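J.: Below you'll find the structure I mean.
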């Protein structure tokens, strides 16, 4: 059976302005690969309601799962929960269990549970909460969309909460070989190998740094014996590697 | 006049599998910000013809410019040029000026200009070449889509070739203030400030690391005096920062 498919949606101006470099997508990609869920697409949009709604609709209709990061905090630019609700035509309001979690948290901290913080208890109708052991304010799953925070430590904790609840597939295995020859020299034999092992994914990722150039050849598949067989052939094709 | 808009399309399995972390989008974002071109969306898709065609069509119809990285080398998984041609309904074939550039390059190197390398001279009808001073094989611009290599050193050189040919806008200026208080405490006054300076973008980017938490407030706009005025007010609101 084919593995489940997924997309990631990174929400926030800070990535697109070049101010910060995304790390959540890279983290999620690694976790999904381990669990046998194929990450097929990632999108990054700004804090713009129409852009978020359009992306959520398109991705949730195309893939088995959508994971979002960012925009669920207490400030004016945190509009993800409302946008996801709008994408599903769901109503949204303060939910009692989320409110109680947050109220207890701020009471323990001796901080005021003010209006801004109460916004974080606004959850779309019909959603399931995602546990946040780091800073309490929960994420949520609505339909096939898993809505998580943008702060990496919180995002990673939420991924750890939600991934065990999902059915994975056969973990994707990979092996790689670094070849210090130009891609143009190895492309012919490599193409023949890819045609012969059509059930595997064989990728060539060129590098060029400090005058050294070549390519990392990565062979991926879910059957270990097939990956091994292709790797043995690859090594025989380029014995000097 | 509003600034030109742009999207980036990162093509390649290696990012989505978590094997490598993208750096091209981050680099492009910084360069576009300097030139006053607003990067509004980024997408990452795998080496899949249908996915690339769909993304190129959607992004080129929505934004003034689309920048792609990856998939223009000599190996079997390099299908970007064909996909971009298909998205525009353009024919594609070996182009003489690109062929001549490459033939001369491999002759200088004493390397064979074989069939795989000749693939890199396949350019869609009607495109303009993008100069590649690093490894010669050119990128190209077709319509409003700028097609560049995925190897970061080559991508960056191609960006340097193409950006000066584009009309930019007013460079986006930004100032930021680091506030060591929870977003929930500052959200109220910050929201009022954002409403007062509606012509600016005011973003709150929370952090949480090693027990220290707070938010970086970033104020962006193209008029320096307005950004200064908002920054002065922000600093007065949170004098302990």
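Protein chains in written order, with the numbering used here: chain A, 1 to 241; chain B, 242 to 482. For every residue, glycine included, the Cβ atom is placed at its ideal position computed from N, Cα and C. Keep in mind that this is a model prediction, so the values were computed, not measured.
#1: Name the residue from B:342, B:479, B:388 and B:437 whose alpha carbon lies nearest to the alpha carbon of residue 252 of chain B.
#2: Could you check whether residue 357 of chain B and residue 127 of chain A sit closer than 8 Å to each other, using their CB atoms as the reference points?
#3: Any idea if residue 379 of chain B is buried or exposed, counting beta-carbon neighbours within 10 angstroms, 16 or more meaning buried?
#4: Please report how far the alpha carbon of residue 359 of chain B lies from the alpha carbon of residue 398 of chain B, in whole angstroms.
#5: Tell me whether the beta-carbon of residue 234 of chain A lies closer than 8 Å to the beta-carbon of residue 177 of chain A.
#6: Ordered along the chain, which non-local residues of its own chain (more than five positions away) have a Cβ less than 7 Å from that of residue 130 of chain A?
#7: Taking C-alpha atoms, which residue in B:293, B:306, B:318 and B:302 lies nearest to residue 215 of chain A?
#8: For residue 62 of chain A, does the three-state DSSP call read helix, strand or coil?
#9: In whole angstroms, give me the CA-to-CA distance for residue 52 of chain A and residue 84 of chain A.
#10: If you follow the beta strand (DSSP E) that residue 449 of chain B is in, where does it begin and where does it stop?
#11: Using the three-state DSSP reduction, which class does residue 56 of chain A fall into: helix, strand or coil?
#12: Residues of chain B with CB under 8 Å from residue 207 of chain A, in chain order?
#13: Using a beta-carbon distance cut-off of less than 8 Å, what residues from the segment 130–143 of chain A approach chain B?
#14: Under 8 Å between C-beta atoms, does residue 201 of chain A make it to chain B?
#15: Please tell me whether residue 461 of chain B and residue 441 of chain B are closer than 8 Å, where the distance is taken between their beta carbons.
#16: Could you check which residue in A:99, A:93, A:4 and A:198 has the C-alpha nearest to that of residue 227 of chain A?
#17: What does the alpha-carbon distance come out to for the pair residue 395 of chain B and residue 413 of chain B?
#18: What is the C-beta distance between residue 87 of chain A and residue 40 of chain A, in whole angstroms, given that I count them as a contact (C-beta under 8 Å)?
#19: Terminal residues of the continuous alpha helix (DSSP H) containing residue 374 of chain B?
#20: Can you list the residues of chain B that residue 127 of chain A reaches, using a CB-CB cut of under 8 Å?
#21: Please list the residues of the segment 12–30 of chain A that have a C-beta atom closer than 9 Å to any C-beta atom in chain B, keeping them in chain order.
#22: Less than 8 Å between the CB atoms is what I'm expecting for residue 335 of chain B and residue 296 of chain B, so what's the real figure, rounded?
#23: Write down the C-beta distance between residue 72 of chain A and residue 80 of chain A rounded to the nearest angstrom, noting that I regard them as a contact closer than 8 Å.
#24: Where residue 38 of chain A and residue 32 of chain A are concerned, what is the direct C-alpha to C-alpha distance, given to the nearest angstrom?
#25: Shortest alpha-carbon distance to residue 185 of chain A belongs to which of B:263, B:341, B:285 and B:350?
#26: When the Cα atoms are used, what is the spatial distance from residue 422 of chain B to residue 472 of chain B?
#27: When the Cα atoms are used, what is the spatial distance from residue 9 of chain A to residue 347 of chain B?
#28: Could you check if residue 68 of chain A is buried or exposed, using at least 16 other CB atoms within 10 Å of its CB as the buried criterion?
#29: How is the beta strand (DSSP E) around residue 119 of chain A delimited, first residue to last?
#30: Got a sec, what are the start and stop residues for the beta strand (DSSP E) residue 212 of chain A sits in?
#31: Alpha carbon to alpha carbon, how far is residue 196 of chain A from residue 190 of chain A? Give it in angstroms, no decimals.
#32: Please specify which runs of the alpha helix (DSSP H), each continuous and at least 4 residues long, are wholly inside the segment 162–204 of chain A, giving them in chain order.
#33: Can you give the Cα-Cα distance for residue 24 of chain A and residue 65 of chain A, rounded to whole angstroms?
#34: Using C-beta distances below 8 Å, list every residue in its chain close to residue 124 of chain A, excluding the 5 sequence neighbours before and after it, in chain order.
#35: How far does the beta strand (DSSP E) with residue 325 of chain B in it reach, from first residue to last?
T.: Quick look at the numbers:
#1: For this step, residue 252 of chain B is matched to residue 11 along the second chain. The shortest Cα separation from residue 252 of chain B among B:342, B:479, B:388 and B:437 belongs to B:388.
#2: Within the first chain, residue 127 of chain A is the residue found at index 127, counting from 1. Within the second chain, residue 357 of chain B is the residue found at index 116, counting from 1. For residue 127 of chain A and residue 357 of chain B, no; Cβs fall outside 8 Å.
#3: Translated into positions along the second chain, residue 379 of chain B becomes position 138. Buried, by the Cβ-count rule.
#4: What you label residue 359 of chain B is simply residue 118 of the second chain in a count that begins at 1. What you label residue 398 of chain B is simply residue 157 of the second chain in a count that begins at 1. One C-alpha to the other measures close to 21 Å.
#5: Along the first chain, read from residue 1 onward, the residue named residue 234 of chain A stands at position 234. Along the first chain, read from residue 1 onward, the residue named residue 177 of chain A stands at position 177. With contacts defined by Cβ atoms closer than 8 Å, residue 234 of chain A and residue 177 of chain A form a contacting pair.
#6: Within the first chain, the letter at position 130 stands for residue 130 of chain A. Here the set comprises 138, 139, 140, 141, 146, 148, 158, 161 and 162.
#7: Numbered from 1 along the first chain, position 215 holds the residue referred to as residue 215 of chain A. Comparing Cα positions, the closest option is B:318.
#8: Your numbering for residue 62 of chain A matches position 62 in the first chain. Here residue 62 of chain A sits in helix by DSSP.
#9: For the purposes of this step, residue 52 of chain A is taken as the residue at position 52 of the first chain. For the purposes of this step, residue 84 of chain A is taken as the residue at position 84 of the first chain. Each residue's Cα considered, the two are about 8 Å apart.
#10: Within the second chain, numbered from 1, the residue matching residue 449 of chain B stands at position 208. Counting along the chain, the beta strand (DSSP E) containing residue 449 of chain B begins and ends at 442–450.
#11: By 1-based counting over the first chain, the position of residue 56 of chain A is 56. Helix.
#12: Translated into the one-based positions of the first chain, residue 207 of chain A becomes position 207. Near residue 207 of chain A (Cβ distances below 8 Å), the residues of chain B are 392.
#13: Result list: 134 and 135.
#14: Stepping through the first chain from its first residue, residue 201 of chain A is reached at position 201. Cβ-Cβ to chain B under 8 Å: yes for residue 201 of chain A.
#15: As a position in the second chain, residue 461 of chain B is number 220, starting the count at 1. As a position in the second chain, residue 441 of chain B is number 200, starting the count at 1. It is a contact, given that the beta carbons lie within the stated cut-off.
#16: For the purposes of this step, residue 227 of chain A is identified with residue 227 of the first chain, where counting begins at 1. In terms of Cα proximity to residue 227 of chain A, the closest of A:99, A:93, A:4 and A:198 is A:198.
#17: Walking along the second chain from the start, residue 395 of chain B turns up at place 154. Walking along the second chain from the start, residue 413 of chain B turns up at place 172. Cα to Cα, residue 395 of chain B sits roughly 26 Å from residue 413 of chain B.
#18: Position 87 of the first chain, counted from the start, is the residue given in the question as residue 87 of chain A. Position 40 of the first chain, counted from the start, is the residue given in the question as residue 40 of chain A. So it is not a contact: roughly 19 Å between Cβ atoms.
#19: On the second chain, position 133 is the one that residue 374 of chain B refers to. Counting along the chain, residue 374 of chain B falls outside any alpha helix (DSSP H), and DSSP gives it neither H nor E.
#20: Position 127 of the first chain, counted from the start, is the residue given in the question as residue 127 of chain A. Correct list: empty, because the minimum Cβ distance to chain B is about 21 Å.
#21: Hits within the stretch, in order: 12, 13, 14, 15, 16, 17, 18, 19, 20, 21, 22, 23, 25, 26, 27, 28, 29 and 30.
#22: Against the second chain, residue 335 of chain B aligns to sequence position 94. Against the second chain, residue 296 of chain B aligns to sequence position 55. Contact annotation, residue 335 of chain B with residue 296 of chain B: C-beta distance approximately 26 Å; criterion of less than 8 Å not satisfied.
#23: Counting from one through the first chain, the residue named residue 72 of chain A turns up at place 72. Counting from one through the first chain, the residue named residue 80 of chain A turns up at place 80. Confirmed, about 5 Å.
#24: Mapped onto the first chain, residue 38 of chain A falls at position 38. Mapped onto the first chain, residue 32 of chain A falls at position 32. Taken atom to atom, the span from the alpha-carbon of residue 38 of chain A to that of residue 32 of chain A is near 7 Å.
#25: Counting from one through the first chain, the residue named residue 185 of chain A turns up at place 185. The option with the nearest alpha carbon to residue 185 of chain A is B:350.
#26: Here the question's residue 422 of chain B lines up with position 181 in the second chain. Here the question's residue 472 of chain B lines up with position 231 in the second chain. A straight-line Cα-Cα distance of about 17 Å links residue 422 of chain B and residue 472 of chain B.
#27: Position 9 of the first chain, counted from the start, is the residue given in the question as residue 9 of chain A. Position 106 of the second chain, counted from the start, is the residue given in the question as residue 347 of chain B. Cα-Cα distance, rounded: 42 Å.
#28: To locate residue 68 of chain A, count along the first chain from 1; it is residue 68. Per the 10 Å Cβ criterion, buried.
#29: Sequence index remark: in the first chain, residue 119 of chain A carries index 119 (1-based). Segment: none, residue 119 of chain A is in no beta strand (DSSP E) and carries neither H nor E.
#30: Sequence index remark: in the first chain, residue 212 of chain A carries index 212 (1-based). Annotation: the continuous beta strand (DSSP E) that includes residue 212 of chain A extends over 212–221.
#31: Translated into positions along the first chain, residue 190 of chain A becomes position 190. Translated into positions along the first chain, residue 196 of chain A becomes position 196. Rounded to whole angstroms, the separation of the alpha carbons of residue 196 of chain A and residue 190 of chain A is 10 Å.
#32: Fully enclosed alpha helix (DSSP H) runs of 4 or longer: 183–196.
#33: Counting from 1 along the first chain, the entry for residue 24 of chain A is found at position 24. Counting from 1 along the first chain, the entry for residue 65 of chain A is found at position 65. Going from the Cα of residue 24 of chain A to the Cα of residue 65 of chain A covers about 16 Å.
#34: Working through the first chain from its first residue, we reach residue 124 of chain A at position 124. The residues are 81, 84, 85, 88, 90, 91, 92, 140 and 142.
#35: As a working mapping, residue 325 of chain B is identified with position 84 in the second chain. From DSSP, residue 325 of chain B is part of no beta strand (DSSP E) but of the alpha helix (DSSP H) over 321–329.
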